[in-house]
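There are 4 protein chains.
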Amino acid sequence: MRSEKSPDGQRTFVDAARRAQLVRCTVEAIAEVGMRKASLAEIARRAGITKGAIFYHFANREELVNEVLVTLLTEGARYMGERIAEQADPAAELRAYLESNIDYIATHRAEVAALVAIAMNHTDERGGAREVDASVYGESLRPLEDILRRGQEQGLFCAFDTRTTAMTIRAAIDAIGPQLSAIPDLDLDRYTTELVALFDRATKRVPA
Amino acid sequence: MRSEKSPDGQRTFVDAARRAQLVRCTVEAIAEVGMRKASLAEIARRAGITKGAIFYHFANREELVNEVLVTLLTEGARYMGERIAEQADPAAELRAYLESNIDYIATHRAEVAALVAIAMNHTDERGGAREVDASVYGESLRPLEDILRRGQEQGLFCAFDTRTTAMTIRAAIDAIGPQLSAIPDLDLDRYTTELVALFDRATKRVPA
Amino acid sequence: MRSEKSPDGQRTFVDAARRAQLVRCTVEAIAEVGMRKASLAEIARRAGITKGAIFYHFANREELVNEVLVTLLTEGARYMGERIAEQADPAAELRAYLESNIDYIATHRAEVAALVAIAMNHTDERGGAREVDASVYGESLRPLEDILRRGQEQGLFCAFDTRTTAMTIRAAIDAIGPQLSAIPDLDLDRYTTELVALFDRATKRVPA
Amino acid sequence: MRSEKSPDGQRTFVDAARRAQLVRCTVEAIAEVGMRKASLAEIARRAGITKGAIFYHFANREELVNEVLVTLLTEGARYMGERIAEQADPAAELRAYLESNIDYIATHRAEVAALVAIAMNHTDERGGAREVDASVYGESLRPLEDILRRGQEQGLFCAFDTRTTAMTIRAAIDAIGPQLSAIPDLDLDRYTTELVALFDRATKRVPA
DNA sequence: GATGAATGAGTTTTCATTCAT
DNA sequence: GATGAATGAAAACTCATTCAT
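Just so you know, the protein sequences line up as chains H, C, Y and U, in that order. Take the first sequence: its position 131, counting from 1, is numbered 131 in the working numbering, and each next residue is one higher. Add 1000 to a position in the second sequence, counting from 1, and you land on the number used in the working numbering. Add 2000 to a position in the third sequence, counting from 1, and you land on the number used in the working numbering. Add 3000 to a position in the fourth sequence, counting from 1, and you land on the number used in the working numbering.
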């Protein structure tokens, strides 16, 4: 075990590789068979190792799932952060935020499915008040609130509570995942256009 | 019950009461400890009876959960339908829709938590394309789309895709539940006001 | 309960009727769904009463099954005894024994199926050394041995151990039930003729 | 095992040993307490392991019971096949068939008891028409019919339906198991001699 | 005489976790 | 680093039996 072998938290290359592989297999397992049936046996099978070996790399199931969560969140944040950074003004940033998010969802269905499943299970099991989730929400919402606030400061956006609006935008995006499962041939381009337009109307300053 | 008794579906008073009690206990159990840990043992414990007794009243776990689902949905639909029916025009209806939904969520936290948990588990286990869920979504979205379409026909609302907009409104509402768990002292009145304003801006027709 | 109400073992008419009805329903249940799934609930369902009521007429499941056993055995013995009594000599009686037995099996499939299932379960559960079964075997074998012995005394049959031969005849008959289940369109007339001929050759005295 | 491991069906030595041990314990359990009470808990207790361990080696109860069935059938077939192969003519083969079968029953009481119990339960639960059973019966009857047919072709046996006769011989043998349970001190040598003589008379050609 | 309700012991099965090798 | 084997706690479900009414 990590903690036993290297108290300084160092990890060997092989260990890191296995962890990454296990994270990947877990994502696929959860996306395909759901949280409930994504047992360690199933994950090990996909990774081509034994159940027991998992415990060499992760203290327990929870630690593995947490790593999955952190990995997906980080990955997603990077994916979207880059696109937004290139924009000229907050209005363009908001549009880029929506577009890059939906694009990510469209091109990372397994990841999104796994993410939603894990998040649900967390909200579920610990009554929603879990540290990880809280920070996740905060972390993911802050950049969006920043965009909105700067937009208001620059006179591009009208007056509204940035938190409520940020949450609504986030919710509109997060609702796409489940819908995609139900309606696999959903027209995402159209959806994107409509959403961009909707939040444009909802946020833009109306000149007197 | 049911399977052991007369096929005419007759139910005694005691049976109906126990079923209702079990539904209530199941809602509370799911809301408090989550779907996964809301075992029949846990539910029976809360109801003060034995596991075996549950099977006297329900054929299996699924039947119990289904009854919970139907009960909550029916209850919710009645709660909100009444308020919306009294409104004068689609714009007022949309406001009433938002207000009554958020009000319901605020005053029925356990029910909403249970509903979300059950819905998630369904999406999870059957790959998201389950009849019940599909109809649930459709059923809950249709009245909202109706309001939006009528608003457009009467020239009150601007041009937009009613389905996308309805889904966004729904998503904004559904996001409140999880947030409430994370931030128990969320100011719901403010949230409501903001949301009403946001979707008012997003939908109203701007005179030339 | 019988024993509580009438220590003299008297039974009311209604009680006797219900017992008979329950015996009949049990036979059908066992024949159709097998011993394992012929639960008291299933039997009660077929009788149109509740599980609890069964315990008014029978102390427990075992007593009910025993009554079924005794009833079927008695019924069968009467059915065959009559035909055999009419015969002129032991050779004719042996033929009549075979014919009436096979005929009974052909016309009482449910009864035979139930009988076999119950017998098996008994042999099964108590290691085969149960009083009922022992007597059953003895009772059913004695008349057959009598026929064989008289045949030998009258010089119609050759020398052989009557017990072994009786058992073989019985076994040949008892094997028909299971075969009928496997091969429903078995030609029983042919089977009868062959069996009669076989045991005729095996028992008849060959003149010097 | 099996489901958790490599699909090439590889088995370790320990696994094979445990499987064999579990098969043995299952045979004994069924022979002693009957199919109904031979629960996995009982079998595990006899094997000195936990219930859970059984599922490591067998996917489920059915797979375990099937392995028992196949093992016993194979064992029995080998035991008897050898003796019959050495015989000079069909009449001697028939005698060897009877003798080796009865000998097997005498020396493998638990195996025979278990075999009968399992077979019965199968007939019982699936309405008698199960593939396994059908093939079992066919497989076990065919060699016997072969002997009889060859005997007829060689003019050693008289005219009779080989199927009916084979079944009768089989039934006479199969009846010994239950009798042994009921009458533990049955004189099997005598029984064998009598049976051989009986079927000799019943099958041999009587010269004109 | 019978019902509706409940019990409690038992069944098979699943799975995260442990550990000797 | 990893495997094979096993554990033990929990799950859903079944059913004979009891009993107040």
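Glycine included, each C-beta is placed from N, C-alpha and C at the ideal position. None of these values were measured; they are calculated from a predicted model.
Going by Cα to Cα distance, which pick from the options is closest to residue i?
i	options	result
Y:I2183	Y:A2106, Y:P2207, Y:P2143 and Y:R2018	Y:A2106
H:L141	H:A114, H:A77, H:I49 and H:T26	H:A77
C:R1190	C:E1099, C:T1050, C:P1143 and C:I1169	C:E1099
Y:L2073	Y:A2113, Y:A2029, Y:V2014 and Y:D2200	Y:A2113
U:A3197	U:L3180, U:A3175, U:A3096 and U:A3059	U:A3096
U:G3081	U:E3067, U:Y3056, U:A3031 and U:P3143	U:P3143
Y:H2122	Y:A2016, Y:A2017 and Y:R2036	Y:R2036
U:I3030	U:F3058, U:A3117, U:V3070 and U:L3195	U:A3117
C:D1146	C:A1172, C:R1201, C:R1018 and C:L1094	C:L1094
H:G48	H:E62, H:R170, H:C25 and H:R83	H:C25
C:T1203	C:T1193, C:I1054 and C:A1166	C:A1166
C:A1059	C:A1088, C:R1019 and C:D1089	C:R1019
Y:L2069	Y:M2120, Y:D2103, Y:F2160 and Y:L2040	Y:M2120
C:F1157	C:A1044, C:R1149 and C:T1164	C:R1149
C:R1205	C:A1159, C:A1038 and C:T1071	C:A1159
H:V66	H:F199, H:G34 and H:L115	The sequence given here has Asn at residue 66 of chain H, not Val. It is H:L115.
Y:R2109	Y:T2193, Y:T2168, Y:A2175 and Y:L2064	Y:A2175
C:E1194	H:L195, H:T162 and H:L188	H:T162
C:D1089	C:Q1021, C:T1192, C:E1153 and C:S1039	C:E1153
C:D1103	C:Y1079, C:A1092 and C:E1032	C:Y1079
Y:A2172	Y:D2187, Y:Q2021 and Y:F2199	Y:F2199
U:Q3179	Y:R2170, Y:R2011 and Y:E2042	Y:R2170
Give the secondary structure of residue i by DSSP, where H, G and I count as helix, E and B as strand, and everything else as coil.
i	result
U:F3055	helix
C:F1160	coil
U:L3195	helix
H:M1	Residue confidence for H:M1 is low, a pLDDT of 42 falling below 50, so the modelled location carries little weight and cannot support an answer.
Which term fits residue i, buried or exposed, when burial requires 16 or more other beta carbons within 10 angstroms of its beta carbon?
i	result
U:V3027	buried
H:F13	exposed
U:E3086	exposed
C:P1207	exposed
Y:G1979	Any property of residue 1979 of chain Y remains undetermined from this structure, which presents chain Y solely from 2001 to 2208.
U:G3151	buried
Y:D2185	exposed
H:G177	buried
U:V3023	buried
C:E1111	buried
U:N3101	buried
C:T1050	exposed
U:E3062	exposed
H:A16	exposed
Y:Y2034	Correcting the residue identity first, residue 2034 of chain Y is Gly in this sequence and not Tyr. Answer is buried; the Cβ neighbour count reaches 16.
Y:A2053	exposed
Y:A2038	buried
Y:A2041	exposed
Residue ranges of each alpha helix (DSSP H) within the segment 8-77 of chain H, 4 or longer: 13-37, 40-47 and 51-57
Within the segment 3071-3115 of chain U, ranges of the alpha helix (DSSP H) (whole runs, at least 4 residues): Within the segment 3071-3115 of chain U, the alpha helix (DSSP H) runs of at least 4 residues that lie entirely inside it are, in chain order, 3090-3107.
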